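Peer 1:
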Amino acid sequence: MCCLLCILHMQQAFCKKILNAYAPLADIAASTVEVLLFLLMVATHVLLKRKTIHVPFVCCFSSFHNVMVSLLKSQKLASSMFTIEAVLRSPFPGSRFSVIGSGRTLRQRGKDPSITIGEERNENFFLDKRGKWRISNPKKLSRKKGGSLRGRGWKYGSGFVDGVFPVLSPMAQQILKFVQREFDAAKIWASLDTLPPTHNLWDDLISISVRLRLNKQWDPIISVCEWILYKSSFHPDVLCYNLLIDAYGQKLQHKKAESVYLQLLEAQCVATEDTYALLLRAYCTCGLLEKCEAVLTEMRRNGTPPGVVVYNAYMDELLKGRNSVKAVEIFRRMKSDQCRPSTDTYTMVINLYGKANQSATALKVFGEMKTDKCKPNICTYTALINAFARDGLCEKAEEIFEELQEDGHEPDVYAYNALMEAYSRAGFPFGSYEIFTLMQHMGCEPDRASYNIMVDAFGRAGLHEDAEAVFEELKQQGMTPTMKSHMLLLSAYSKAGNIPKCELIMNQMHKSGLKPDIFALNSMLNAYGRVGRFEKMEEVLTVMENSRLEADISTYNILINIYGRAGFLSRMEELFRALASKGLKADVVTWTSKMSAYARKKQYKKCLEIFEEMIDAGCYPDGGTAKVLLASCTTDEQIEQVTTIIRSFHKEARNVFDM
């Protein structure tokens, strides 16, 4: 108590303001225990505001806090403690990392044992819109689009509010269970016919449809909304039409979605921007881009120019269909139409460039976003971190990670995973492990993806034993390894050439009920090829051809590379010619692998011929291609010629993704 009073005395001027602000809470503290806890919390708050608190003090408070909680619960005063505790644990404007020390390097934070905070998780308390204290858990906040709260309406692209699902009445819950287990639409209609058509029933049916939409259960939505349209005495509103258009679009039934839109117009119901966005998405999902353009024309003709909701829906579906070029075109058109991009728009574009391994362009878009006074959210920062992670630029990724915190965002599991991936791609597995440890210290629980990233990080570095240790830890945490988890471990042993271990992992997958996918079989191809067991490679290829698994371009890249390295040029050429019959197109890895086989034999002219064929096929060389061409040279004249070709090509080549 004396120590606490000394602290308060030293901070006298500032404490008066704090005590005045928390005067109502002081009235709550009726017992001696509560007064002591209150004084400790005020002192801690003072030090946090002055940024002079250190980790030992936090650890000391954690132990004291646990004792107080037990004591208060025994005295049935938990509600008072809860209110006071919320004052201490309310979000602070600074970064959480400022509590555990200074410095810009995460490696030092991860290694320093003095920053261990213990096992207690720092959950944030806040007042919701209803005036109730709640706990904010970042893992429970959904990033998925869709959702609604009862009585607040529904919009395309709206997300959950604090993770709350639509509130259902007891009657609505019974109807929901019935439509979820009943597959016969006629029986659903017959049951709904027996219910009185009241306002409560209407609210229940719409809330049920929204809940079904969150669960992606499209057939029950169609049954319920079609009953409203064709059988009930209700007059459907635009919300009902929108739900039905969305459900048909998700089931790739664009003609039925279009029919519902025409019924909406016939009923003289005014289509909203969400209606057009859902109809456009239905067309785009089916690959009908001409119809998508017709929707935009229809909007302009009706005096409703396309807004950010429609453009975002269009770009989102294009990116899902991997039509990045068209998505960039729509983004440019959006800006030329004087439609201001939203945070979601910029996040999608940053993701687009990140997946195209163009982190510099992604950073340029991020700068444009801030110039446009559009505030990035945590998803935007995570997308940019991922962009640098794919290029292995861990230092740039860490800079963005720190900027995320400086902007007032608390890193979630997705942000930590992105930073771990950056160190993994850069070849620093222990850097990834330090981030993995740090996120647990900061109260963020790793998910299955976190463990998969660690397995991949150690596997990439050839540390297959460490990779397996992480794999076993994943199972000890109560998580079930997925196909990807097994595939990453298989890849780790494949790179080490440990064939018995690879075959054991394949057997474990079979016992677990997992059917090997194309990635697992490709890893086995690579493993057999590394040790020269070509007959086993051919067996795996035969299994792939006789099964439902279709060999992809990565499969043939592995085969072409291995046979080329072994000097079996005739077999390599045979596999290369087979690409067309398999419906596959050679990529830069395919061409470079083929060229590399001849470069080892110093056949410079043959390499130039392959290079010209590659350009004619519309495939652009990368750094690996240039290295192979240079490796085929035997004279200074040839080296100069290759250098001139590469430089001139890069000057003339225009990137389709340039802003």
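If you count the sequence shown from 1, position 568 lands on 568 in UniProt numbering, and the numbers rise without skipping.
Every residue gets a Cβ at the ideal spot worked out from N, C-alpha and C, and that includes glycine.
Small disclaimer: the values here were computed from a predicted structure and weren't measured.
Is ARG571 helix, strand or coil when you go by DSSP?
Peer 2: Three-state DSSP puts ARG571 in a helix.
Peer 1: Taking the straight line between their C-alpha atoms, what separation do you get for LEU141 and GLU421?
Peer 2: Unreliable placement is indicated for LEU141, whose pLDDT of 39 sits below 50; no coordinate value is reported for it.
Peer 1: Rounded to a whole number of angstroms, what is the C-alpha to C-alpha distance between ASN522 and MET572?
Peer 2: 17 Å
Peer 1: Could you name each continuous alpha helix (DSSP H) segment of 4 residues or more that falls completely within the UniProt repeat "PPR" (377 to 411), going from the start of the chain to the end?
Peer 2: 378 to 390 and 394 to 406
Peer 1: Answer with buried or exposed for SER632, where buried requires no fewer than 16 other C-beta atoms within 10 angstroms of its C-beta.
Peer 2: With 16 or more other Cβ atoms within 10 Å, it is buried.
Peer 1: Between which two residues does the alpha helix (DSSP H) carrying HIS464 extend?
Peer 2: 464 to 476
Peer 1: Between the C-alpha atoms of LEU525 and LEU579, what's the straight-line distance to the nearest angstrom?
Peer 2: Cα to Cα, the separation comes out at about 17 Å.
Peer 1: First and last residue of the alpha helix (DSSP H) that includes TYR620?
Peer 2: Taken as a continuous stretch (DSSP letters only), TYR620 belongs to no alpha helix (DSSP H), as it is neither H nor E.
Peer 1: Spell out a yes or no on whether the segment 267 to 278 and the segment 286 to 293 are touching, meaning 3 or more CB-CB pairs, one atom from each, closer than 8 Å.
Peer 2: no
Peer 1: From what residue to what residue does the alpha helix (DSSP H) around HIS254 run?
Peer 2: 254 to 266
Peer 1: Out of ARG460, LYS320 and THR555, point me to the one whose CA is closest to TYR528's CA.
Peer 2: THR555
Peer 1: Tell me which residues share the same chain as LEU244 and place their Cβ nearer than 6 Å to its Cβ, disregarding the 5 neighbours each side in the sequence.
Peer 2: CYS225 and VAL260
Peer 1: Have a look at TYR248, VAL210 and ALA356 and flag the residue whose alpha-carbon is nearest the alpha-carbon of ILE222.
Peer 2: TYR248
Peer 1: Could you check how far apart the C-beta atoms of CYS607 and TYR598 are, in whole angstroms? I think they sit under 8 Å.
Peer 2: 5 Å
Peer 1: Nearest-angstrom Cα distance between TRP218 and GLU574?
Peer 2: 47 Å
Peer 1: Classify THR105 as helix, strand or coil using the three-state DSSP reduction.
Peer 2: At THR105, the pLDDT of 40 sits below 50, so the modelled position is not reliable and the matter cannot be decided from this model.
Peer 1: Under 9 Å, do LEU463 and PRO516 count as touching if we go by C-beta distance?
Peer 2: no
Peer 1: Using the Cα positions of ARG577 and TRP591, report the straight-line distance between them to the nearest angstrom.
Peer 2: Answer to the nearest angstrom: the Cα atoms are 12 Å apart.
Peer 1: For SER114, count neighbouring C-beta atoms within 10 Å of its own C-beta (all shown protein chains included) and say buried if the count is 16 or more, exposed if not.
Peer 2: With a pLDDT of 39 at SER114, under the threshold of 50, the modelled position of this residue cannot be trusted; read the value that follows with caution. Label assigned to SER114: exposed.
Peer 1: Rounded to the nearest angstrom, what separates MET479 and MET439 at their Cα positions?
Peer 2: Looking at the two C-alpha atoms, the distance is approximately 18 Å.
Peer 1: Going by DSSP in three states, SER547 sits in which element: helix, strand or coil?
Peer 2: Here SER547 carries a coil assignment [DSSP, helix/strand/coil].
Peer 1: In angstroms, rounded to a whole number, what distance separates the CA positions of ASN498 and TYR416?
Peer 2: 31 Å
Peer 1: Indicate the three-state DSSP secondary structure (helix, strand or coil) for THR198 in the structure shown.
Peer 2: coil
Peer 1: Tell me whether ARG332 is buried or exposed, calling it buried when 16 or more other Cβ atoms sit within 10 Å of its Cβ.
Peer 2: exposed
Peer 1: What residue from THR635, GLN641 and ASP587 has the CA that sits closest to ILE615's CA?
Peer 2: By alpha-carbon distance to ILE615, the top candidate from THR635, GLN641 and ASP587 is ASP587.
Peer 1: Taking the straight line between their C-alpha atoms, what separation do you get for LEU393 and ALA356?
Peer 2: 15 Å
Peer 1: Does the distance from the C-beta atom of LEU239 to that of ILE206 stay below 9 Å?
Peer 2: LEU239 places its beta carbon less than 9 Å from that of ILE206.
Peer 1: Helix, strand or coil: how does DSSP classify PRO170 here?
Peer 2: helix
Peer 1: Relative to the alpha-carbon of GLY532, which residue among HIS510, ASP552, VAL543 and ARG565 has its alpha-carbon at the smallest distance?
Peer 2: ARG565
Peer 1: Within 10 Å of its beta-carbon, does THR542 have 16 or more other beta-carbons around it, so buried, or fewer, so exposed?
Peer 2: Residue environment: THR542 is assigned as exposed (fewer than 16 neighbouring CB atoms within 10 Å of its CB, all protein chains considered).
Peer 1: Residues in its own chain within less than 7 Å of ILE639 by CB, not counting five upstream and five downstream?
Peer 2: LEU630 and CYS633
Peer 1: So the alpha helix (DSSP H) TYR459 belongs to, where does it begin and stop?
Peer 2: A small fix is needed here, since residue 459 is Gly in this sequence, not Tyr. It spans 448 to 460 - the alpha helix (DSSP H) in which GLY459 sits, taken as one unbroken run.
Peer 1: In whole angstroms, what separates the C-alpha of TYR346 from that of ALA257?
Peer 2: 29 Å
Peer 1: By how many angstroms is the C-alpha of TYR241 removed from the C-alpha of GLU445?
Peer 2: Spanning the two alpha carbons is a distance of roughly 41 Å.
Peer 1: So the candidates are LEU214, SER233 and SER547; which of them puts its Cα closest to the Cα of LEU201?
Peer 2: Nearest of LEU214, SER233 and SER547 to LEU201, Cα basis: SER233.
Peer 1: Rounding to the nearest angstrom, what Cα-Cα distance links PRO411 and ALA362 in this structure?
Peer 2: 20 Å
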